[in-house]
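Student: Mind having a look at this structure? Questions to follow.
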Amino acid sequence: MAEDVFKALADPTRRRILDELAERDGQTLFELCGRLVAKHGLGLSRQAVSQHLAVLESAGLVVPRRQGRYKFHDLNTEPLEHLVTRWLRPDAPGSAP
């Protein structure tokens, strides 16, 4: 699972998609494409953004939900919390910073 998260985060476009979802959760593909163009100057096709979303979904970082005929994408930080706690340990007594 951690390997999928690292692979998903390796691409700068996918990190920008996650940034946009962190700023405003629950966006459609169309809204994400518009924000990527307006804020980052990325002229990606909907198909390209959709493929990036599929990678993020497979890593568990994005959760899709259907509402009527629309598909919304929500940010899921649980996989990141697992990675962070993996390396956090309480300081051992007598250890130097």
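Final position of the sequence shown in this note's numbering is 100; the numbers increase by one with none missing.
Built from N, CA and C at the ideal position, the CB exists for glycine as well.
Output the distance between the C-alpha atoms of F75 and R89, rounded to the nearest integer angstrom.
Tutor: What you label residue 75 is simply residue 72 of the sequence shown in a count that begins at 1. What you label residue 89 is simply residue 86 of the sequence shown in a count that begins at 1. If I take the Cα positions, the gap works out to 30 angstroms.
Student: Once you ignore the five residues that flank A5 on each side, which residues in its own chain have a CB closer than 7 angstroms to its CB?
Tutor: As a working mapping, residue 5 is identified with position 2 in the sequence shown. Excluding residues within five positions, the ones whose Cβ falls inside 7 angstroms are L86.
Student: Where N79 and V66 are concerned, what is the direct C-alpha to C-alpha distance, given to the nearest angstrom?
Tutor: For the purposes of this step, residue 79 is identified with residue 76 of the sequence shown, where counting begins at 1. For the purposes of this step, residue 66 is identified with residue 63 of the sequence shown, where counting begins at 1. The alpha-carbon atoms of N79 and V66 are separated by roughly 6 angstroms.
Student: Are the C-beta atoms of E23 and some chain C residue less than 8 angstroms apart?
Tutor: Among the protein chains of the structure shown there is no chain C, as only one such chain exists.
Student: Among R68, K10, L59, which one has its Cα closest to the Cα of D22?
Tutor: Working through the sequence shown from its first residue, we reach residue 22 at position 19. Checking every option, the nearest Cα to that of D22 belongs to L59.
Student: Just reading off the beta strand (DSSP E) that R69 is part of, what are its end residues?
Tutor: What you label residue 69 is simply residue 66 of the sequence shown in a count that begins at 1. Element bounds for R69: 65 to 70.
Student: Consult DSSP for D77 and reduce its assignment to one of helix, strand or coil.
Tutor: As a working note, residue 77 is residue 74 in the sequence shown. Strand.
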